[in-house]
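> The structure follows.
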Amino acid sequence: FLTRELLLFLRTASHVGKKSRSSFFFFWNAGLLELSLGKFRNVLLNQTNPVEAVIRNIASNVTVVIFQVHAQQNSVNPSANSSGTGVDKGLISILRPQQSVCTWYLRSLDANQVLSTAISIPYMEKDPIPGGCNLEFDLEVDPNIYLDYTLVDIHIKFAPANLGYARGANPPACDSGTGQNSRWRLRYDVYQYFLPENNLSEMVLMSHIRKMSEVQSIKANGVKMLTLTTDDKTNVYFSSLPGQGVIYNVIVWDPLWNTSAAYIPVHTYACSFVDLVDNCSSLSKLSTKIFFTVLAVLGLFTCFFGHRFWKTDLFFMGFIITGFFSFVFITRVTGLGYDVRLILTAVAGIIGGLLLVASWWRFGSVLLCMLLIGLVLGFLFSSVVFFTPLGDYRVFRDDVVFWVTFSSIALMIPVLFVGCPRILNLLACGIIGSYSVVLAIACYIYTSLAYITLDLLRRILNDYFSRAYTNVPFQTNDFIILAVWIMLALSGVTVQLRRERSEVSFPPHPYLIWKREKERRSTNILDPSHHIRPLRERIHSKLLQIKEVFQKEQPAGERTPLLL
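For what it's worth, our numbering labels the leading residue of the sequence shown as 17, then goes sequentially.
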């Protein structure tokens, strides 16, 4: 019979091109899966009826076969002489002399049908054996990569490899020495591959995980993140990208024989498919959407009118400064929930914005205001610099080096523009105001541009985030949103520059104007404003007028009843 999942798959596969369509094939009725070396086969698994996977006619020069099976979210269980369970799981078969057939058994741990894809990859006697020197995990020889994730980072770890050897021979000792004739000469290249953005389809995962399973395809499609030696620990950290699919794999390379072998790729979306709230399909909370949407409206106004409405500009920048540091402080010292922290951040931001406006009204210091605005722009500029591949350089793993460099770049902006504060303010209004729109878009559609500032916030809030590699995908959505950001920033700066070129650079000191007007009213009795009643009396008079509106009108004339 054809299950509903199979029909759905067939409808999806009908849209695939002729070249790729030939590789999508199912065995669903006999419980037998015939494999060919290096060829992927898709299969539906369930809990009750195991599928027997068989590969025949293995060449005599093949010494090791790595069998692996992948599913999107449901765990699968391949087994032979040993077994393992996970969404990306595999076993390694060390072939005996004259052996030409290998058999494995597959089933899922879910009662429903689970779509999966399987492949067996051969290696020769000079190829290194992934996981051949395993001392940490359950399998004797474990080619699997183990992955854990949080909302902040992703941690992958794997067992060290061993040197290859011929059929029937004893494996090289893992602790026989550290010379060039031991496993210590091996090198490990860690690769990363991003799935298409905003796509959680099973079929997309199945088609792309093929690109990260064999050595040559990994080198052609993946991004090499780092190289580990045998002296290094075999675990790596990456920044977490909830909702964005990513595949990791490791290639172990033997420099003496110039041979390589690949571990079993592992994937994650850094989120849950089954949670009712905050699942992979709806990551942004309602409070986050409201907060950044309101911020984007204010930012868009500042982008085009910030310099003319100077106090609004100050309020916006003060809100950003105070809100950012308040969120960091509240998160560090309290255990409040996210929504409560965001509300407190908004309140603190409003207070900070009003205080900056009040300080301008009282002291009128353009230099102080532009220093703060310049630091906000410098903060964003420095974040952009470390958002590039420069941020993944090993030297910046050290917090002292990172923060000194970051602060120097941020301070460079107000220093460079100290002689032209109006240009600095126009640039800050255009760039920062338009970036707030990008953050609002990120609440509804995934974009990597949000991580320009989010990764920095993670580094401040988490003591160990410095060890994580912060590479992110840059795909079609990101190019479109980047173009929107640039267009808004250029438009905002250009419009304000043309409109303000004939105006004074900054408005006059408000407190001095108020004080001058007050003195003038108190000394000039001919000025009508001199005879204006005090504010307290005027408010009292207005309240009486409002009270009279709600009073019942009293009838005129005789008030006693007439006698009959």
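Backbone N, C-alpha and C fix where the C-beta goes; we use that ideal spot for every residue, glycine too.
What's the gap between the Cα of F403 and the Cα of Y467?
Position 387 of the sequence shown, counting from 1, holds the residue named residue 403. Position 451 of the sequence shown, counting from 1, holds the residue named residue 467. Their backbone Cα atoms lie some 8 Å apart in a straight line.
> Can you tell me the Cβ-Cβ gap for I161 and V92, rounded? I've got them flagged as a contact below 8 Å.
Within the sequence shown, residue 161 is the residue found at index 145, counting from 1. Within the sequence shown, residue 92 is the residue found at index 76, counting from 1. Not really, about 15 Å apart at Cβ, beyond 8 Å.
> Counting pairs of beta carbons, one from the region 66 to 73 and one from the region 143 to 151, are three or more of them closer than 8 Å?
Contact fails: fewer than three Cβ-Cβ distances are below 8 Å.
> Beta strand (DSSP E) containing D270: first to last residue?
The residue given as residue 270 occupies position 254 in the sequence shown. V262 to D270 is the extent of the beta strand (DSSP E) around D270.
> DSSP state of C296, grouped into three classes?
Residue numbering aside, residue 296 sits at position 280 when the sequence shown is read from its first letter. Three-state result, C296: coil.
> Thinking just about the alpha-carbon of each residue, which of F412, L370, I457 and D471 is nearest to the one in S399?
The residue given as residue 399 occupies position 383 in the sequence shown. Nearest option by C-alpha distance: D471.
> From the DSSP output, read off the bridge partner residues of A134.
Translated into the one-based positions of the sequence shown, residue 134 becomes position 118. According to DSSP, A134 bridges with R57 and V85.
> What span of residues does the alpha helix (DSSP H) with Q208 cover, start to end?
In the sequence shown, the residue the question calls residue 208 occupies position 192. Segment R203 to F210 is the beta strand (DSSP E) holding Q208; no alpha helix (DSSP H) there.
> Between V67 and L125, how many whole angstroms is the CB-CB distance? I'm expecting something under 8 Å.
One-based indexing of the sequence shown puts residue 67 at position 51. One-based indexing of the sequence shown puts residue 125 at position 109. About 14 Å separates the two Cβ atoms, so there is no contact after all.
> Just verifying my parser: in three-state terms, what is the DSSP assignment at K105?
On the sequence shown, position 89 is the one that residue 105 refers to. The answer is strand: DSSP assigns K105 an E or B state.
> Examine the Cβ distances between the region 52 to 59 and the region 130 to 137 and report whether three or more of them are shorter than 8 Å.
Taking 8 Å as the limit for Cβ pairs, the verdict is that the region 130 to 137 does touch the region 52 to 59.
> Quick one: complete alpha helix (DSSP H) runs, 4+ long, within the region 504 to 531?
Whole alpha helix (DSSP H) segments, 4+ residues: zero.
> For a test of the three-state rule: what should DSSP assign to D126, helix, strand or coil?
To locate residue 126, count along the sequence shown from 1; it is residue 110. DSSP places D126 in coil when its eight states are reduced to three.
> Is the beta carbon of V392 less than 8 Å from the beta carbon of A312?
Numbered from its first residue, the sequence shown carries residue 392 at position 376. Numbered from its first residue, the sequence shown carries residue 312 at position 296. Not closer than 8 Å, so no.
> Taking its Cβ as the centre, do 16 or more other Cβ atoms sit within 10 Å of T250, making it buried, or is it exposed?
Numbered from 1 along the sequence shown, position 234 holds the residue referred to as residue 250. Classification for T250: buried.
> So what does DSSP say about T347, is it helix, strand or coil?
The sequence position of residue 347 within the sequence shown is 331, counting from 1. Reduced to three states, the DSSP call for T347 is helix.
> Compute the Euclidean distance between the alpha carbons of A189 and D494, then round it to the nearest angstrom.
On the sequence shown, residue 189 is found 173 positions in, with the first residue counted as 1. On the sequence shown, residue 494 is found 478 positions in, with the first residue counted as 1. Near 49 Å, if we compare the C-alpha coordinates of D494 and A189.
> Let me check understanding here. Comparing Cα to Cα, which of S256, Y204, F317 and D329 lies closest to F522?
By 1-based counting over the sequence shown, the position of residue 522 is 506. Comparing Cα-Cα distances from F522 to each of S256, Y204, F317 and D329, the minimum goes to D329.
> Out of I359, T338, M386 and E50, which one is the CA nearest neighbour of L371?
Walking along the sequence shown from the start, residue 371 turns up at place 355. L371 has its Cα closest to that of T338, out of I359, T338, M386 and E50.
> Can you grab the Cα-Cα spacing for the pair Q260 / C459, in whole Å?
As a first step, residue 260 must be located in the sequence shown, where it is residue number 244. As a first step, residue 459 must be located in the sequence shown, where it is residue number 443. One C-alpha to the other measures close to 14 Å.
> Keeping to the same chain, check which residues put their C-beta closer than 6 Å to that of V206; ignore five residues upstream and five downstream.
Residue 206 sits at position 190 when you count from the first residue of the sequence shown. Within the same chain, V206 has close Cβ partners M241, L242, V252 and V266.
> Over the uninterrupted beta strand (DSSP E) stretch that includes P94, give me the two end residues.
Sequence index remark: in the sequence shown, residue 94 carries index 78 (1-based). First-last of the beta strand (DSSP E) with P94: V92 to S95.
> Contact defined as beta carbons within less than 8 Å: I believe I476 pairs with V356. What is the distance between those atoms, to the nearest angstrom?
Residue 476 sits at position 460 when you count from the first residue of the sequence shown. Residue 356 sits at position 340 when you count from the first residue of the sequence shown. Not really, about 19 Å apart at Cβ, beyond 8 Å.
> Going by the beta-carbon positions, is the gap between T368 and G334 smaller than 8 Å?
As a position in the sequence shown, residue 368 is number 352, starting the count at 1. As a position in the sequence shown, residue 334 is number 318, starting the count at 1. Sequence check: residue 368 is Gly here, not Thr. Contact: yes.
> Going by alpha carbons, who is nearest to F397 out of I447, G353 and G365?
Here residue 397 corresponds to residue number 381 of the sequence shown, with the count starting at 1. When each option's Cα is compared against that of F397, the closest is I447.
> How big is the Cα-Cα spacing for Q63 and F289?
Within the sequence shown, numbered from 1, the residue matching residue 63 stands at position 47. Within the sequence shown, numbered from 1, the residue matching residue 289 stands at position 273. Each residue's alpha carbon lies about 20 Å from the other.
> Would DSSP call Y485 helix, strand or coil?
In the sequence shown, counting from the first residue as 1, residue 485 sits at position 469. Correct three-state label for Y485: strand.
> Taking the runs of the beta strand (DSSP E) that are 3 residues or longer, which of them lie wholly in the region 281 to 329?
DSSP runs (the beta strand (DSSP E)) wholly in the region 281 to 329: 282 to 284.
> What are the boundary residues of the beta strand (DSSP E) that Y162 is part of?
As a first step, residue 162 is located in the sequence shown; it is residue number 146 there, counting from the start. Residues I161 to Y165.
> Can you give me the start and stop residues for the beta strand (DSSP E) that S450 sits inside?
For this step, residue 450 is matched to residue 434 along the sequence shown. Premise fails: S450 lies in the alpha helix (DSSP H), P437 to A458, not in any beta strand (DSSP E).
> According to DSSP, is N178 part of a helix, a strand, or is it coil?
Translated into the one-based positions of the sequence shown, residue 178 becomes position 162. DSSP places N178 in strand when its eight states are reduced to three.
> What is the DSSP secondary structure of F254, counted as helix, strand or coil?
In the sequence shown, counting from the first residue as 1, residue 254 sits at position 238. Strand at F254.
> By the three-class DSSP mapping on this structure, what secondary structure does D169 have?
Here residue 169 refers to the residue found at position 153 when the sequence shown is read from its first residue. Strand, per DSSP.
> Going by alpha carbons, who is nearest to L179 out of Q114, S229 and T275?
As a first step, residue 179 must be located in the sequence shown, where it is residue number 163. For the residues Q114, S229 and T275, the minimum Cα distance to L179 belongs to T275.
> So the alpha helix (DSSP H) M386 belongs to, where does it begin and stop?
Start at 1 with the first residue of the sequence shown, and residue 386 comes out as number 370. Element bounds for M386: V382 to F403.
> Near R378, what residues of its chain come up, given a Cβ to Cβ distance below 7 Å and the 5 sequence neighbours on each side ignored?
Against the sequence shown, residue 378 aligns to sequence position 362. Closer than 7 Å at the Cβ level, and outside the excluded window around R378, lie Y527.
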